[in-house]
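**Student:**
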Amino acid sequence: MDRPKESEIKIENYLPTDQGPFVIHLEKEGLKHYEAGKLIIKAIGEKHMIDTTTIKDGKVKVRVTNYRSANMILASQELKSMGLKAYIPINHIISVGTIDGIKIEEDLEEIRKEIKCEAQPVKIERIMWYNHETKTEIPTEKIKISFRAYNLPSSLSIFGGLFLVKIFVPKLLFCKKCLSYGHFKKICKSQIERCPKCAKEIHPDTTCETNCKFCNTNDHPTNAKECQEKIRQFKIKKYMVQNKCSYKYAKDNYTNRVSQIFAVPEYSYAEIAKLRTTVQEYSRKLEDINNVFNVLYKYAFPQQPDTDKEESLDAIKAALTDYAEKQESPMEGHSSN
Ligand SMILES: [Zn+2]
Ligand SMILES: [Zn+2]
Ligand SMILES: [Zn+2]
Numbered sequence: 112m113d114r115p116k117e118s119e120i121k122i123e124n125y126l127p128t129d130q131g132p133f134v135i136h137l138e139k140e141g142l143k144h145y146e147a148g149k150l151i152i153k154a155i156g157e158k159h160m161i162d163t164t165t166i167k168d169g170k171v172k173v174r175v176t177n178y179r180s181a182n183m184i185l186a187s188q189e190l191k192s193m194g195l196k197a198y199i200p201i202n203h204i205i206s207v208g209t210i211d212g213i214k215i216e217e218d219l220e221e222i223r224k225e226i227k228c229e230a231q232p233v234k235i236e237r238i239m240w241y242n243h244e245t246k247t248e249i250p251t252e253k254i255k256i257s258f259r260a261y262n263l264p265s266s267l268s269i270f271g272g273l274f275l276v277k278i279f280v281p282k283l284l285f286c287k288k289c290l291s292y293g294h295f296k297k298i299c300k301s302q303i304e305r306c307p308k309c310a311k312e313i314h315p316d317t318t319c320e321t322n323c324k325f326c327n328t329n330d331h332p333t334n335a336k337e338c339q340e341k342i343r344q345f346k347i348k349k350y351m352v353q354n355k356c357s358y359k360y361a362k363d364n365y366t367n368r369v370s371q372i373f374a375v376p377e378y379s380y381a382e383i384a385k386l387r388t389t390v391q392e393y394s395r396k397l398e399d400i401n402n403v404f405n406v407l408y409k410y411a412f413p414q415q416p417d418t419d420k421e422e423s424l425d426a427i428k429a430a431l432t433d434y435a436e437k438q439e440s441p442m443e444g445h446s447s448n
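Numbering-wise, the sequence shown is residues 112 to 448 according to my numbering.
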């Protein structure tokens, strides 16, 4: 499996076609969430603001009503002059998924152009499998796709063939020096190097007994596939990606129950056909809603120009997204295992 490369995609602005939520991260030493709110309201006006929340010390997440408001913050000289760094968090505009079953001889650029999907694919790459014995990368039939969308699309089609999109969870970082998760050997700060087999301090002889650092069992070495700690770390990472949150938040909030709710389900082929119908039905319903809105709007505000209508649509979208987010928020108070 390859390493995540989403950071290579640079997004400077929101586009009218982006669906939201419209989120900006603001950074400045010691910045509090209410201060960020105050500065933004002063710079671009109160009607653009939804809310601000602290991510960590000096880093604040700002939600605004539409793409224009977000771009106004990004372009604001006033905010820049106060030393505020404003940017679009990449995972709020790019979601990464995988599809399986694309032959290795296919030209991915051609495939990318043929993808029909509710979200725009911006980057496509083949997932490689690393063979440790031969130290070579072997191409797989799995394709990793970065979409310009907050939510990962559930399916897409290529030349009329339906594919289910699964969430892409980056590989766990594992340190071969101290046998811990979350960093690589290169940046390890540990004083002790551990034996990969018995997890005790490294030793020259190889006669030691297998022992896992986390489970304290002889069944498997540290970082084995079946290790409960490795499984837990993977679940945290998956939760992190699914909920676009920090490692700390994920660790505090993930539970088996929650990850089941959020897990992208595995579908049978019979279910795929059903899913396709559902997707088509929903797009028709969305169209209906849009038509109804247009009629209502004309009836309610016959004199109003169309630009205002766009604003109202944005506000409705933001409110709906907000509502959906609240519905999906994990319940508080669940501890891990
Ligand atoms: Zn380490
Ligand atoms: Zn050992
Ligand atoms: Zn273990």
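Think of the CB as a built atom: it goes at the ideal place given N, C-alpha and C, for glycine as much as any other residue.
1. Helix, strand or coil: how does DSSP classify residue 404 here?
2. Which full runs of the alpha helix (DSSP H) of 4+ residues lie inside the region 244 to 270, going along the chain?
3. Could you tell me whether any non-hydrogen atom of ligand 1 is closer than 7 Å to the CB of residue 306?
4. Exposed or buried, what is residue 306 when buried is set at 16 or more other beta-carbons lying within 10 Å of its beta-carbon?
5. Select from 166, 149, 150, 407 the residue whose C-alpha is nearest the C-alpha of residue 359.
6. In angstroms, rounded to a whole number, what distance separates the CA positions of residue 332 and residue 210?
7. What would DSSP say about residue 272, mapped onto helix, strand or coil?
8. Let me know the beta strand (DSSP E) ranges lying completely inside the region 167 to 195, each 3 residues or longer, listed in chain order.
9. Give the straight-line distance between the Cα atoms of residue 433 and residue 216, rounded to the nearest whole angstrom.
10. Excluding the 5 residues flanking residue 319 on each side, which residues of the same chain have their C-beta closer than 8 Å to its C-beta?
11. Looking at the structure shown, is residue 120 part of a helix, part of a strand, or coil, going by DSSP?
12. Would you tell me roughly how many angstroms separate the C-alpha atoms of residue 252 and residue 277, rounded to the nearest one?
13. Pair every Cβ in the region 157 to 173 with every Cβ in the region 126 to 144, then say whether three or more of these pairs are closer than 8 Å.
14. Is residue 220 helix, strand or coil by DSSP?
15. Using the beta-carbon count (16 or more within 10 Å), is residue 203 buried or exposed?
16. Using the three-state DSSP reduction, which class does residue 149 fall into: helix, strand or coil?
17. Determine contact between the region 169 to 176 and the region 237 to 252, defined as no fewer than three beta-carbon pairs at a distance below 8 Å.
18. Applying the criterion that 16 or more other CB atoms from any shown protein chain within 10 Å of the CB defines a buried residue, is residue 348 buried or exposed?
19. Does DSSP put residue 365 in a helix, a strand or coil?
20. For residue 155, collect the residues of the same chain with a Cβ closer than 7 Å to its Cβ; drop the 5 residues on either side in sequence, then sort them by chain order.
**Tutor:** Short version:
1. helix
2. none
3. Closer than 7 Å to some heavy atom of ligand 1: that does not describe the Cβ of residue 306.
4. Residue 306 should be labelled buried.
5. With respect to the C-alpha of residue 359, the residue from 166, 149, 150, 407 having the closest C-alpha is 166.
6. 32 Å
7. strand
8. Counting only unbroken stretches of 3 or more residues, the beta strand (DSSP E) elements lying wholly within the region 167 to 195 are 170 to 175, in sequence order.
9. 43 Å
10. If we look at residue 319 and ignore the five residues flanking it on each side, its Cβ neighbours are 306, 308, 309, 311.
11. Three-state result, residue 120: coil.
12. So the alpha carbons of these two residues sit roughly 14 Å apart.
13. In short, these stretches touch, since the Cβ pair count reaches three.
14. The answer is helix: DSSP assigns residue 220 an H, G or I state.
15. buried
16. Of the three classes helix, strand and coil, the one that applies to residue 149 here is helix, per DSSP.
17. The region 169 to 176, when compared against the region 237 to 252, does not touch it at the 8 Å Cβ threshold.
18. buried
19. coil
20. 180, 183, 184, 187
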